[in-house]
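**Q** By numbering that gives the first Met the number 0, the letter at position 201 of the sequence shown is numbered 200, and the numbering carries on one by one without gaps.
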Amino acid sequence: MKYFKMIALIVCWLFLLDMTVLAQPARDSMIKAEKGFLNLESHDFDQNEIILLNGEWEFYWEEFLFPEDFLTPSGKQRDSGNTDYIHVPVDWQFHKQDGQTLPREGYATYRLVIQLAKEEVGEMKAIYMPEVATAYSLWINGERKLSSGQIGTNRDEMIPKNVPQVVYFQPDSEQVELVIQVSDFYQRKSGLWDSIRLGEPEGIALFRERRVAVELIVAGSLVVMGLYHISLFLFRRKERASLFFGAVCVSVAFRKLLLGEMLLIRFFPDIPWELSAKMEYLGAILGILFFVLFVYTQYPEDMSRPVKHLFVWIEGLIAIFVLLTPARIYTTFIVPIQVTALLIFVYLVVVYMKALKNKRNGALLNGVAMIFFFVMTLNDVLYYNHLTHTGETVSFGILFFLLVHSLNLSAKFSRAFSKIEVLSGHLQKLNLSLEQQVKDRTRELENSNRQLQQANLKLQEMDHSRRRLLTNIAHELGTPLSSIQG
0 MKYFKMIALI VCWLFLLDMT VLAQPARDSM IKAEKGFLNL ESHDFDQNEI ILLNGEWEFY
60 WEEFLFPEDF LTPSGKQRDS GNTDYIHVPV DWQFHKQDGQ TLPREGYATY RLVIQLAKEE
120 VGEMKAIYMP EVATAYSLWI NGERKLSSGQ IGTNRDEMIP KNVPQVVYFQ PDSEQVELVI
180 QVSDFYQRKS GLWDSIRLGE PEGIALFRER RVAVELIVAG SLVVMGLYHI SLFLFRRKER
240 ASLFFGAVCV SVAFRKLLLG EMLLIRFFPD IPWELSAKME YLGAILGILF FVLFVYTQYP
300 EDMSRPVKHL FVWIEGLIAI FVLLTPARIY TTFIVPIQVT ALLIFVYLVV VYMKALKNKR
360 NGALLNGVAM IFFFVMTLND VLYYNHLTHT GETVSFGILF FLLVHSLNLS AKFSRAFSKI
420 EVLSGHLQKL NLSLEQQVKD RTRELENSNR QLQQANLKLQ EMDHSRRRLL TNIAHELGTP
480 LSSIQG
């Protein structure tokens, strides 16, 4: 029962930690832009609340428009007229224009006008720009404030890069105009697929610091524990499960550093986008491959060897496919890759259930952790297909599995030490018994030797007596003969 209580506390802690970073106040989610206009006159920025700039943005497909393009010759904002609107956040490939779904590759301009209260004029504000697929330029009130990569009207002109950034600005009027030029010719995602956030500088800074802290804690924990498990294998080559689990932890940690705040890119900004995309995908693919091997080494009697080989071959071929093709090709196969991963995890859940049925050591805790890991993986699949907005959680799933595996490992070591203590006790008793047996046998041998010595003395005495008797007899027989001769 104490293990279940501990697991429940860990689960609650992970969810609370995740939600403090990803969740927003409920009333923020009710504020939506309509027809390219977001009214925040009644919003109180003093509470450090963050506004999600979600809703309908003006959308201009295959046009790079600048702030001055939205002004009339007299300097006033022009009438939107037949302007198209797109819901943000969403990939533009899911948007229909004139009854036709837009292609994945292309370029466009987004525009949003925000109405602030009079009291907010002149007050410093901050905007958190998440990943944008796959290059953009941001204009605030006619001034270019931020860019990531280089936008272009074709693949040759643009340079992909999508790292989250924060920009600070001071509104000089009650209306704030955001114009974002976006281009994508390099991957499956396109446009503003994640929420842009607006708030006080302190609130935005706190939001980002929490994200960075959580990602560092999770990735750091996975790396440290992963290297620890690999070291267990190096000291004891029979522990192949430790090797594979350590590889899983390192793979997931590596992937974690390429998601969210993309900390690896912040530390090494010269890493090409194409390489970082491959590393992100390979982190997930190799993580699944090593996890299959880990489960098999844990419960080989409960997992089919041919199925294990099949899964390893599939993930290996997917990894080779990612290595040999550009991101604009392999990212379009994300759904088949995700479905394959889910099927593998479903089978692994069944393996743990079989292990539990067969009463294998640690099967209960591992089964609970596996189900939790599967739920976190399913959430990621839904998130990256824009069906939820909970954020990436698979790293939390593997971290939880790591904690449970550590409990099982501790229990295994405890059982081993207990067994050693029992065997040592038996050996000590056996040694004492052998010592007593040796003493008893020695005593018996000494007694036997003493008896033999006594018997030998008696034999010597008897022999001596026999000799004397023979001598006397000879002497007695010799005396009469002498008399007769005389």
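In this text, a Cβ means the ideal position worked out from N, Cα and C, and glycines have one as well.
(1) For the candidate residues Phe206, Ile397, Phe69 and Leu231, whose alpha-carbon lies nearest to that of isoleucine 287?
(2) Can you tell which of Ile313, Lys307, Ser146 and Phe400 has its C-alpha closest to the C-alpha of leucine 363?
(3) Drop a sphere of 10 angstroms on the beta-carbon of lysine 411, count the other beta-carbons inside from all chains shown, and report buried for 16 or more, exposed for fewer.
(4) Fully enclosed by the region 145-216, which beta strand (DSSP E) runs are 3 residues long or longer?
(5) Let me confirm a value: proline 299 is counted as buried when at least 16 other C-beta atoms fall within 10 Å, else exposed. Which label applies?
(6) For the beta strand (DSSP E) that glycine 54 lies in, which residues bound it at each end?
(7) Where do the N-terminal and C-terminal ends of the beta strand (DSSP E) with glutamine 114 fall, by residue?
(8) Which word fits alanine 454, buried or exposed, when buried means at least 16 other C-beta atoms lie within 10 angstroms of its C-beta?
(9) Excluding the five sequence neighbours on either side, which residues of its own chain have a C-beta within less than 7 Å of the C-beta of arginine 187, listed in chain order?
(10) Have a look at glutamine 436 and arginine 236 and give me their C-alpha separation to the nearest angstrom.
(11) Please state if the CB of serine 241 and the CB of phenylalanine 232 are separated by a distance shorter than 8 Å.
(12) So what does DSSP say about aspartate 83, is it helix, strand or coil?
(13) Just to confirm my understanding: we take proline 373, look at its own chain, exclude 5 residues before and 5 after, and list those with CB closer than 7 Å. What are they?
(14) Please report the distance separating the alpha-carbon of aspartate 27 from that of proline 271.
(15) Are three or more beta carbon pairs between the region 165-183 and the region 116-123 nearer than 8 Å?
(16) Count the other CB atoms within 10 Å of the CB of glutamate 199; is the residue buried (16 or more) or exposed (fewer)?
(17) Check arginine 359 in the structure and name its three-state DSSP category.
(18) How many Å lie between leucine 39 and isoleucine 85 at the Cα?
(19) Could you say which of Lys353, Leu177 and Phe243 lies nearest to glutamate 67 if we only look at CA atoms?
(20) Whole angstroms is fine: what's the gap from serine 467's alpha carbon to glutamine 459's?
(21) On the premise that alanine 134 lies in contact with isoleucine 113, defined as a C-beta separation below 8 Å, what is that separation, rounded to the nearest angstrom?
(22) Shortest alpha-carbon distance to glutamine 96 belongs to which of Leu381, Thr82 and Leu456?
(23) Taking 8 Å as the cut-off, decide whether the C-beta atoms of threonine 486 and glutamine 180 are in contact.
(24) Give me, in chain order, the residues of the same chain whose beta-carbon lies closer than 8 Å to that of aspartate 171; leave out the 5 immediate sequence neighbours on both sides.
(25) How about glycine 259 and glutamate 214: are their beta carbons less than 8 Å apart?
(26) Nearest by alpha-carbon distance to proline 311: which of Phe371, Gly245, Val294 and Glu434 is it?
(27) Sorted by chain position, which residues of the same chain lie with C-beta nearer than 7 Å to lysine 307's C-beta, five sequence neighbours on each side aside?
(28) Would you tell me roughly how many angstroms separate the C-alpha atoms of aspartate 301 and threonine 392, rounded to the nearest one?
(29) Bridge partners for isoleucine 139 per DSSP, in chain order?
(30) Can you tell me where the alpha helix (DSSP H) holding leucine 323 begins and where it ends?
(31) Span of the beta strand (DSSP E) holding phenylalanine 290?
(32) Assuming the contact rule is C-beta atoms closer than 8 Å, leucine 285 and alanine 326 should be a hit. Round their C-beta distance to whole Å, please.
(33) Leaving aside the five residues before and after histidine 228 along the sequence, list all residues of the same chain whose C-beta is less than 8 Å from its C-beta, in chain order.
(34) Report yes if the CB atom of leucine 52 is closer than 8 Å to the CB atom of isoleucine 195, and no otherwise.
(35) Which runs of the alpha helix (DSSP H) fall wholly inside the region 220-269 and span at least 4 residues, in chain order?
**A** If we stick to the structure as given:
(1) Against the sequence shown, residue 287 aligns to sequence position 288. Cα-wise, what sits closest to isoleucine 287 is Ile397.
(2) By 1-based counting over the sequence shown, the position of residue 363 is 364. Each of Ile313, Lys307, Ser146 and Phe400 was checked against the Cα of leucine 363, and the nearest Cα belongs to Phe400.
(3) Locating residue 411 in the sequence shown gives position 412, where the first residue counts as 1. With fewer than 16 other Cβ atoms within 10 Å, it is exposed.
(4) 164-168, 174-183 and 196-198, all fully within the region 145-216.
(5) Taking the sequence shown and counting its residues from 1, the one referred to as residue 299 is at position 300. Proline 299 comes out exposed.
(6) Numbered from 1 along the sequence shown, position 55 holds the residue referred to as residue 54. For glycine 54, the enclosing beta strand (DSSP E) covers residues 54-60.
(7) One-based indexing of the sequence shown puts residue 114 at position 115. Unbroken beta strand (DSSP E) run through glutamine 114: 105-115.
(8) Here residue 454 is taken as the residue at index 455 of the sequence shown, counted from 1. Classification of alanine 454: exposed, given that the 10 Å Cβ count is below 16.
(9) Position 188 of the sequence shown holds residue 187. Only Arg103, Thr330, Thr331 and Ile333 meet the Cβ criterion.
(10) The count along the sequence shown starts at 1 and reaches residue 436 at position 437. The count along the sequence shown starts at 1 and reaches residue 236 at position 237. In a straight line, the C-alpha of glutamine 436 is about 41 Å away from that of arginine 236.
(11) Against the sequence shown, residue 232 aligns to sequence position 233. Against the sequence shown, residue 241 aligns to sequence position 242. Cβ distance < 8 Å, so phenylalanine 232 and serine 241 count as in contact.
(12) Translated into positions along the sequence shown, residue 83 becomes position 84. In the structure shown, aspartate 83 falls within a strand segment according to DSSP collapsed to helix, strand and coil.
(13) Counted from its first residue, the sequence shown places residue 373 at position 374. Just to set this straight, residue 373 is phenylalanine in the shown sequence, not proline. Taken in chain order, the residues that qualify are Phe344 and Val348.
(14) Residue mapping note: residue 27 aligns to position 28 of the sequence shown, counting from 1. Residue mapping note: residue 271 aligns to position 272 of the sequence shown, counting from 1. Any answer about aspartate 27 is weak, because its pLDDT of 47 lies below 50 and its placement is not dependable; what the coordinates show is given next. Rounded to whole angstroms, aspartate 27 and proline 271 show a C-alpha spacing of 36 Å.
(15) Cβ pair count under 8 Å is three or more, so yes.
(16) In the sequence shown, the residue the question calls residue 199 occupies position 200. Here glutamate 199 is buried, its C-beta having at least 16 other C-beta atoms within 10 Å.
(17) Sequence index remark: in the sequence shown, residue 359 carries index 360 (1-based). Arginine 359: coil per DSSP, three-state reduction.
(18) Here residue 39 is taken as the residue at index 40 of the sequence shown, counted from 1. Here residue 85 is taken as the residue at index 86 of the sequence shown, counted from 1. Cα to Cα, the separation comes out at about 20 Å.
(19) By 1-based counting over the sequence shown, the position of residue 67 is 68. Answer by Cα proximity: Leu177.
(20) Residue numbering aside, residue 467 sits at position 468 when the sequence shown is read from its first letter. Residue numbering aside, residue 459 sits at position 460 when the sequence shown is read from its first letter. According to the sequence shown, residue 467 is arginine rather than serine. Computed Cα separation, rounded: 12 Å.
(21) In the sequence shown, residue 113 corresponds to position 114, counting from 1. In the sequence shown, residue 134 corresponds to position 135, counting from 1. About 24 Å separates the CB atoms of isoleucine 113 and alanine 134; that is not less than 8 Å, and the two are not in contact.
(22) Counted from its first residue, the sequence shown places residue 96 at position 97. It is Thr82 whose Cα lies nearest to the Cα of glutamine 96.
(23) Look at the range of the chain in this structure, 0 to 485, and you will see that residue 486 is not part of it.
(24) Here residue 171 corresponds to residue number 172 of the sequence shown, with the count starting at 1. Result list for aspartate 171: Val120, Gly121 and Asn140, in chain order.
(25) If you number the sequence shown from 1, residue 259 lands on position 260. If you number the sequence shown from 1, residue 214 lands on position 215. In this structure, the beta-carbon distance from glycine 259 to glutamate 214 falls below 8 Å.
(26) Start at 1 with the first residue of the sequence shown, and residue 311 comes out as number 312. The sequence shown places valine at residue 311, not proline. Ranking Phe371, Gly245, Val294 and Glu434 by Cα distance to valine 311 puts Val294 first.
(27) Along the sequence shown, read from residue 1 onward, the residue named residue 307 stands at position 308. Its chain contains Val291 and Tyr295 as the residues whose beta carbon lies nearer than 7 Å to that of lysine 307, once the 5 sequence neighbours on both sides are disregarded; these appear in chain order.
(28) The residue you call residue 301 lines up with position 302 of the sequence shown. The residue you call residue 392 lines up with position 393 of the sequence shown. So the alpha carbons of these two residues sit roughly 28 Å apart.
(29) As a position in the sequence shown, residue 139 is number 140, starting the count at 1. In DSSP, isoleucine 139 forms a bridge with Glu142 and Leu177.
(30) Counted from its first residue, the sequence shown places residue 323 at position 324. First-last of the alpha helix (DSSP H) with leucine 323: 304-323.
(31) As a first step, residue 290 must be located in the sequence shown, where it is residue number 291. DSSP places phenylalanine 290 outside any beta strand (DSSP E); the residue lies instead in the alpha helix (DSSP H), whose first and last residues are 272-297.
(32) The residue given as residue 285 occupies position 286 in the sequence shown. The residue given as residue 326 occupies position 327 in the sequence shown. Not really, about 17 Å apart at Cβ, beyond 8 Å.
(33) The residue given as residue 228 occupies position 229 in the sequence shown. The residues Ser241, Leu242, Phe244, Gly245 and Cys248, in chain order, have a CB closer than 8 Å to that of histidine 228 in the same chain once the five nearest residues on each side in sequence are set aside.
(34) Within the sequence shown, the letter at position 53 stands for residue 52. Within the sequence shown, the letter at position 196 stands for residue 195. For leucine 52 and isoleucine 195, yes; Cβs fall inside 8 Å.
(35) For the region 220-269, whole alpha helix (DSSP H) runs of length 4 or above, ordered along the chain, are 239-255 and 262-266.
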